[in-house]
Amino acid sequence: MKRKHLDFASYKKAVLKEPILKAEYDRLQPEFALIEAVLKARREKGLTQKELAKKMGTKQTAISRLESGRANPSVAFLKKLAKSLNTHLEIRFTQQ
107 MKRKHLDFAS
117 YKKAVLKEPI
127 LKAEYDRLQP
137 EFALIEAVLK
147 ARREKGLTQK
157 ELAKKMGTKQ
167 TAISRLESGR
177 ANPSVAFLKK
187 LAKSLNTHLE
197 IRFTQQ
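In this note's numbering, the protein residues as written are 107 to 202.
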């Protein structure tokens with residue numbers, strides 16, 4: 107029997123057709139956006155989690171928790187993260 111493989115984008119599109127799952131995804135959107143931004147910035151700088159943690163003066167596990175969505179970082183932590191990545195932290199509220 108041949109298995110059909112879905113890429114993540116196709117899977118996500120299919121799953122988000124379910125109203126309950128879509129509502130929960132929308133509720134968690136800020137967390138997902140933060141994770142995506144951190145991963146993108148770290149990778150663009152060519153840093154490992156361990157290297158970034160060292161620049162920040164923290165442990166690799168703190169970066170891992172942040173990138174996996176298991177952390178609720180303070181603004182101070184995010185400012186330190188931005189500085190370590192030579193970036194600027196910007197927080198905005200937008201109209202819905």
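Glycine is no exception: its CB is placed at the ideal position from the N, C-alpha and C atoms.
What you are looking at is a predicted structure, and each value in this text was computed from that prediction instead of being measured.
Item, Value
"Residue 203, enclosing alpha helix (DSSP H) - first and last residue", "Because the chain spans 107 through 202 in this model, residue 203 falls outside it and cannot be assessed."
"Inter-residue Cα distance where the pair is residue 173 and residue 137", "10 angstroms"
"Segment contact flag, the segment 156-164 with the segment 119-134, C-beta cutoff 8 angstroms, min 3 pairs", "no"
"Nearest candidate by alpha-carbon position, reference residue 155, set 190, 133 and 126", "190"
"Whole-angstrom distance between residue 168 and residue 157, CA atom to CA atom", "12 angstroms"
"Exposure of residue 148, with buried meaning 16 or more beta-carbon neighbours within 10 Å", "buried"
"Endpoints, alpha helix (DSSP H) assigned at residue 124", "Residue 124 -> no alpha helix (DSSP H), and no H or E assigned at all."
"Nearest to residue 188 (by Cα), restricted to the options 145, 134, 202 and 200", "145"
"Nearest-angstrom Cα separation, counted from residue 133 out to residue 115", "19 angstroms"
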